[in-house]
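Asks: Reading the sequence shown from the start, the letters are residues 6 to 121 in the numbering used here.
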Amino acid sequence: QVQLVESGGGLVQAGGSLRLSCAASGSISNFKGMGWYRQAPGKQRELVATIFGGEATNYADSVKGRFTISRDNIKNTIYLQMNSLKPEDTAVYYCNGQFWWGTATWGQGTQVTVSS
6 QVQLVESGGG LVQAGGSLRL SCAASGSISN FKGMGWYRQA PGKQRELVAT
56 IFGGEATNYA DSVKGRFTIS RDNIKNTIYL QMNSLKPEDT AVYYCNGQFW
106 WGTATWGQGT QVTVSS
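(1) What does DSSP give as the partner residue(s) for Ser12 in the beta ladder?
(2) What did DSSP end up calling Ile33 once you bin it into helix, strand or coil?
(3) Quick check on the burial criterion: 16 or more other C-beta atoms within 10 angstroms. Buried or exposed for Arg76?
(4) Pick helix, strand or coil for Glu93, following the three-state DSSP scheme.
(5) Quick test of the definition: if touching needs 3 or more C-beta pairs under 8 Å, does the segment 99-116 touch the segment 40-51?
(6) Helix, strand or coil for Ile79 per DSSP?
(7) Expressed to the nearest angstrom, what Euclidean distance is found between the alpha-carbon atoms of Pro46 and Ile83?
(8) Please state whether the Cβ-Cβ distance between Gly1 and Leu23 is less than 8 Å.
(9) Could you check if Asp66 is buried or exposed, using at least 16 other CB atoms within 10 Å of its CB as the buried criterion?
(10) With a 10 Å radius around its C-beta and 16 neighbouring C-beta atoms as the bar for buried, classify Ile79 as buried or exposed.
(11) Give the DSSP-derived three-state secondary structure of Val17 in the structure shown.
(12) Taking Val17 as the reference, give the member of Trp111, Ala61, Pro92 and Gly107 with the closest Cα.
The structure is reproduced here in structure tokens:
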């Protein structure tokens with residue numbers, strides 16, 4: 006089964022930027038859709054952004070206009086460009102892939118901390 010590995014998290018000041026990467030161990034064409042989710046301490050995991058097919062994207066209202074999800078089919082990687090970061094964006098960010106045959110897989114997560 007294709008595995009996902011996130012990277013790019015870290016500590017950044019409010020207003021700064023980070024780019025998260027999610028590298029798949031196989032072809033991302035195995036996935037009907039992929040996305041980013043996040044989980045802050047004491048809160049449920051929530052959707053951040055998804056990308057289906059080539060370019061169909063969807064964003065949580067809280068990140069619209071600040072975050073951009075993209076994919077590189079040659080590198081088998083998806084990205085999350087995060088700009089104008091806020092302290093409330095602090096969370097563990099997880100990559101998700103939904104296989105065409107119905108199951109899904111998750112990465113191990115990467116911590117993003119935004120200081121005020």
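All C-beta atoms in this analysis are idealised placements derived from N, C-alpha and C, irrespective of residue type, glycine included.
Replies: Reading from the atomic positions:
(1) Ser26
(2) helix
(3) buried
(4) helix
(5) yes
(6) coil
(7) 25 Å
(8) This structure gives no information on residue 1, because the portion of the chain shown stretches from 6 to 121.
(9) exposed
(10) exposed
(11) strand
(12) Pro92
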